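Per full-length UniProt numbering, the very first residue in the sequence shown carries number 1; after that it's consecutive.
Ideal Cβ positions, reconstructed from N, Cα and C, are used throughout, including at glycine.
The model shown is predicted, which means the values in this text are computed figures rather than measured ones.
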Amino acid sequence: MQQITRAGEPLDVAGTLPAKGQAAPEMTLTNTELQDVTLDTYAGKRKVLNIIPSVDTPTCAMSTRHFNELASNLDDTVVLVVSADLPFAAKRFCGAEGLDNVETLSTFRHPEFREAWGVALCNNPMEGLCARAVVVLDADNRVLHSELVSELKNEPDYETALAVLN
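Here it is as structure tokens:
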């Protein structure tokens with residue numbers, strides 16, 4: 001069991017975040033068209049997974065906007081924003097914000113993602129949501145970078161995450 005904090009209070013996180021050099025765990029998530037997608041859906045592309053609790057929180061919204069901006073400069077790379085948000089809410093958020101360089105994916109039909117990827121908030125009021133994390137994969141789904149953000153209200157280290165793609 002890992003731990004992070006939220007406003008200084010400890011939160012348990014189940015699972016283990018994939019480490020640099022490892023093969024990414026399998027995943028099935030649901031896109032805004034209610035279609036299930038896997039890593040194979042993005043075959044041949046590098047992937048940046050911006051894993052967040054919900055786009056309806058200030059820090060999550062900020063990181064989604066920031067990754068959207070940064071994604072426009074990344075070749076052969078897709079930025080996937082993963083949360084427990086319903087696909088309708090994520091689509092509404094990106095539409096209202098004019099974000100078209102990220103793809104939102106939901107764990108709502110596939111909660112197993114959270115523990116398999118080491119981001120399952122548990123034993124606390126946030127249970128059922130994802131902890132904040134960034135995982136960067138190469139085109140062969142090997143982990144180039146992973147960060148479990150230690151304080152839920154903090155943004156990830158964008159520079160370090162994206163530096164592995166240069």
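Close Cβ partners of residue i (< 7 Å) along its chain, the five nearest in sequence each way excluded
| i | result |
| --- | --- |
| residue 63 | 50, 52, 155, 156 |
| residue 43 | none |
| residue 137 | 24, 46, 47, 143, 144 |
| residue 78 | 42, 45, 47, 103 |
| residue 3 | 10, 11, 12, 13 |
| residue 158 | 66, 70 |
8 Å Cβ shell around residue i - same chain, five flanking residues per side excluded
| i | result |
| --- | --- |
| residue 36 | 28, 29, 30, 109, 110 |
| residue 25 | 18, 116, 117 |
| residue 21 | 142, 143 |
| residue 39 | 24, 26, 27, 47, 137, 141 |
| residue 33 | 87 |
Opening and closing residue of the beta strand (DSSP E) in which residue i lies
| i | result |
| --- | --- |
| residue 146 | 143-148 |
| residue 54 | Where residue 54 is concerned, there is no enclosing beta strand (DSSP E), given that its DSSP letter is neither H nor E. |
Paired residues, beta bridge with residue i - DSSP
| i | result |
| --- | --- |
| residue 14 | 120 |
Residues of its chain near residue i, where Cβ-Cβ distance is below 6 Å and the 5 sequence neighbours each way are ignored
| i | result |
| --- | --- |
| residue 115 | 14, 15 |
| residue 151 | 5 |
Proximity test, residue i beta-carbon vs the ligand COA heavy atom, cut-off 7 Å
| i | result |
| --- | --- |
| residue 161 | Of the ligands one can find in the structure shown there are none, so the ligand COA has no counterpart to examine. |
Min CB distance residue i to chain D below 8 Å
| i | result |
| --- | --- |
| residue 93 | In summary, chain D is missing from the structure at hand, where a single protein chain is found. |
Would you list, in sequence order, the uninterrupted alpha helix (DSSP H) runs of no fewer than 4 residues that lie entirely inside the UniProt domain "Thioredoxin" (18-166)? 58-71, 87-97, 112-116, 158-163
Quiz item: Hey, is the segment 2-12 in contact with the segment 124-141, meaning 3+ C-beta pairs nearer than 8 Å?
Solution: yes
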